[in-house]
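Protein sequences, first through last, are from chains A and B. Note that the working numbering has the first sequence beginning at 57, numbered continuously upward. Note that the working numbering has the second sequence beginning at 57, numbered continuously upward. First comes the structure, then the notes that go with it.
Number of protein chains: 2
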Amino acid sequence: MANMNHEGEQKFEKKNIRPTSMRKLIYRILSEKDQAMSLYEIEQQFDQVERSTIFRTLRVFQDNCLIHLIYDGTGAVKYALCDDDCSCGINDLHIHFLCSSCGNNYCLKELPVPYMDLPEGYTFENANFVIRGICPDCQ
Amino acid sequence: MANMNHEGEQKFEKKNIRPTSMRKLIYRILSEKDQAMSLYEIEQQFDQVERSTIFRTLRVFQDNCLIHLIYDGTGAVKYALCDDDCSCGINDLHIHFLCSSCGNNYCLKELPVPYMDLPEGYTFENANFVIRGICPDCQ
DNA sequence: TAATATTTTGCAACACTGTTGCGCTCTTAA
DNA sequence: TTAAGAGCGCAACAGTGTTGCAAAATATTA
Ligand SMILES: [Mn+2]
Ligand SMILES: [Mn+2]
Ligand SMILES: [Zn+2]
Ligand SMILES: [Zn+2]
Numbered sequence: 057m058a059n060m061n062h063e064g065e066q067k068f069e070k071k072n073i074r075p076t077s078m079r080k081l082i083y084r085i086l087s088e089k090d091q092a093m094s095l096y097e098i099e100q101q102f103d104q105v106e107r108s109t110i111f112r113t114l115r116v117f118q119d120n121c122l123i124h125l126i127y128d129g130t131g132a133v134k135y136a137l138c139d140d141d142c143s144c145g146i147n148d149l150h151i152h153f154l155c156s157s158c159g160n161n162y163c164l165k166e167l168p169v170p171y172m173d174l175p176e177g178y179t180f181e182n183a184n185f186v187i188r189g190i191c192p193d194c195q
Numbered sequence: 057m058a059n060m061n062h063e064g065e066q067k068f069e070k071k072n073i074r075p076t077s078m079r080k081l082i083y084r085i086l087s088e089k090d091q092a093m094s095l096y097e098i099e100q101q102f103d104q105v106e107r108s109t110i111f112r113t114l115r116v117f118q119d120n121c122l123i124h125l126i127y128d129g130t131g132a133v134k135y136a137l138c139d140d141d142c143s144c145g146i147n148d149l150h151i152h153f154l155c156s157s158c159g160n161n162y163c164l165k166e167l168p169v170p171y172m173d174l175p176e177g178y179t180f181e182n183a184n185f186v187i188r189g190i191c192p193d194c195q
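Take a look at the structure:
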């Protein structure tokens, strides 16, 4: 992935995110690991960084649909890069898989969150569907 | 619900939970509010109690399938009473609904978590499916 | 019943995650 | 070159969850 930085910058431009060095670094970390990461896991990839800087960077990414958030019940929010064509809408929602063994959280982008016929009076806005089990690597 | 305590004690006996006074109180609080509650919300129902006692009580309840846990992304785990016939297995999984407006978390027990055909190598153990939107009360 | 063992509770302290204020630094625009 | 704005690092803090330990309550045994 020699052109990773370049790719990242293209995305930044597309989503109107100013490409600072921290942002490029964090983008690269997220893209190199193709699984959802927690803030702490991202922090571990640096020798020395500030939680707060990462936190605010992730917020910028989130606000501009570069990443999506997953609540998998581990206590820490997970972050994963959006697809190129993602608009962070209902149609982009997909299932996430948390491995009970290794703790990895996989974006199953080929599995969209199924449509649910809600009871009268409930309006759908968003969904968080996490399946827990054993991943291929841990079988 | 005059026989609430009695009901609770029956459940305790059925699930082999010793019916201490704290447990009866916490059971009653959960049954009076028919929505999932956080530890903090339960704590608020008392004049003075110990987080840790509630925490450990909830753990006993969870270990004995009296309650189930919901991770709705609010930061705090939610707890809700199980149905009488619940065995905390795959068939008992249901969708939860978090209202963006009032913050209430509803157990939609009539909506089971749908079966998902996972990619090769992934094994299903558990699921957490939370839909976010506006509830009937807030429409 | 009295003594002993077990369980539960209250208190305190702590760990982890997320969040914000503030001033310095760096980038951008005039 | 200077001024304005945005981003960053540092520190402090809030919210949630968790544990050790001793006192209290309860169950068990003598
Ligand atoms: Mn994803
Ligand atoms: Mn429920
Ligand atoms: Zn795994
Ligand atoms: Zn509502």
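The beta carbon of each residue, even a glycine, is placed where N, CA and C say it ideally should be.
Backbone secondary structure at Arg112 of chain A - three-state DSSP: Looking up residue 112 of chain A in the first sequence gives position 56. Helix.
Within-8 Å CB hit, Gly189 of chain A to chain B: Translated into the one-based positions of the first sequence, residue 189 of chain A becomes position 133. It does: the Cβ of Gly189 of chain A has a partner Cβ on chain B nearer than 8 Å.
Chain B within 8 Å of Thr76 of chain A, Cβ atoms only: In the first sequence, the residue the question calls residue 76 of chain A occupies position 20. Not one chain B Cβ lies under 8 Å of Thr76 of chain A.
Close beta carbons around Leu164 of chain A, own chain, < 7 Å, minus the five adjacent residues each side: The count along the first sequence starts at 1 and reaches residue 164 of chain A at position 108. For Leu164 of chain A, where only same-chain residues beyond five positions count, the Cβ hits under 7 Å are His150, Ile151, His152 and Phe153.
Bridge partner(s) assigned by DSSP for Asp102 of chain A: Working through the first sequence from its first residue, we reach residue 102 of chain A at position 46. Inspection of the sequence shows that residue 102 of chain A is occupied by Phe rather than by Asp. For Phe102 of chain A, which the question treats as bridged, DSSP gives no partner whatsoever.
Outcome for Lys70 of chain A when other beta-carbon atoms lying within 10 angstroms are tallied against a minimum of 16: Along the first sequence, one-based indexing puts residue 70 of chain A at 14. Exposed is the label assigned to Lys70 of chain A, since fewer than 16 other Cβ atoms lie within 10 Å of its Cβ.
Near-chain A residues of the stretch 104-121 of chain B (beta-carbon distance less than 9 Å), N- to C-terminal order: none
Exposure label - Pro175 of chain B; buried when at least 16 CB within 10 Å: In the second sequence, counting from the first residue as 1, residue 175 of chain B sits at position 119. Answer is exposed; the Cβ neighbour count stays below 16.
Where Phe73 of chain B falls: helix, strand or coil (DSSP): Position 17 of the second sequence, counted from the first residue, corresponds to residue 73 of chain B. Going by the sequence as given, residue 73 of chain B is Ile instead of Phe. In the structure shown, Ile73 of chain B sits in coil (DSSP, three-state: anything other than H, G, I, E or B).
Between the CA atoms of Asp119 of chain A and Asp139 of chain B - distance to the nearest angstrom: Counting from 1 along the second sequence, the entry for residue 139 of chain B is found at position 83. Counting from 1 along the first sequence, the entry for residue 119 of chain A is found at position 63. Distance between the alpha carbons of Asp139 of chain B and Asp119 of chain A is about 39 Å.
Contact list for the stretch 143-163 of chain B against chain A, Cβ threshold 7 Å: Ile151, Phe153 and Ser156
Three-way DSSP call (helix, strand, coil) for Gly131 of chain A in this model: One-based indexing of the first sequence puts residue 131 of chain A at position 75. Of the three classes helix, strand and coil, the one that applies to Gly131 of chain A here is coil, per DSSP.
Residues bridged to Pro168 of chain A (per DSSP): If you number the first sequence from 1, residue 168 of chain A lands on position 112. Its beta-bridge partners are A:His150.
Spatial distance of Cys158 of chain B from Pro192 of chain B (CA atoms): The count along the second sequence starts at 1 and reaches residue 158 of chain B at position 102. The count along the second sequence starts at 1 and reaches residue 192 of chain B at position 136. Between Cys158 of chain B and Pro192 of chain B, the C-alpha separation is close to 11 Å.
Leu174 of chain A (DSSP reduced to helix, strand or coil): Here residue 174 of chain A refers to the residue found at position 118 of the first sequence. Leu174 of chain A: coil per DSSP, three-state reduction.
Own chain partners of Phe68 of chain B with C-beta closer than 6 Å, once the 5 adjacent residues on each side are dropped: Reading the second sequence from its first residue, position 12 is the one you call residue 68 of chain B. Once the five neighbours on either side are set aside, the close Cβ partners of Phe68 of chain B are Pro75.
Proximity below 8 Å, CB of Cys187 of chain B to CB of Ala183 of chain A: Here residue 187 of chain B corresponds to residue number 131 of the second sequence, with the count starting at 1. Here residue 183 of chain A corresponds to residue number 127 of the first sequence, with the count starting at 1. Checking the sequence, you will find Ile at residue 187 of chain B rather than Cys. Yes, they are a contact pair.
Under the three-state DSSP convention, the category Gly189 of chain B falls into: Residue 189 of chain B sits at position 133 when you count from the first residue of the second sequence. In this structure, Gly189 of chain B counts as strand in the three-state DSSP scheme.
Close-in-space but distant-in-sequence residues of the same chain around Arg79 of chain B (CB under 6 Å, 5 per side omitted): On the second sequence, position 23 is the one that residue 79 of chain B refers to. Excluding residues within five positions, the ones whose Cβ falls inside 6 Å are Thr113.
Chain B contact for Gly64 of chain A (CB, 8 Å cutoff): What you label residue 64 of chain A is simply residue 8 of the first sequence in a count that begins at 1. With 8 Å as the cut-off, Gly64 of chain A does not count as an interface residue toward chain B.
Leu125 of chain A - containing beta strand (DSSP E), residue span: Working through the first sequence from its first residue, we reach residue 125 of chain A at position 69. For Leu125 of chain A, the enclosing beta strand (DSSP E) has its first and last residue at Ile123 to Ile126.
CB of Lys134 of chain A within 8 Å of CB of Ile126 of chain A, strictly: For the purposes of this step, residue 134 of chain A is identified with residue 78 of the first sequence, where counting begins at 1. For the purposes of this step, residue 126 of chain A is identified with residue 70 of the first sequence, where counting begins at 1. Inclusion of Lys134 of chain A and Ile126 of chain A in the CB contact set at 8 Å is warranted, their separation being smaller than that value.
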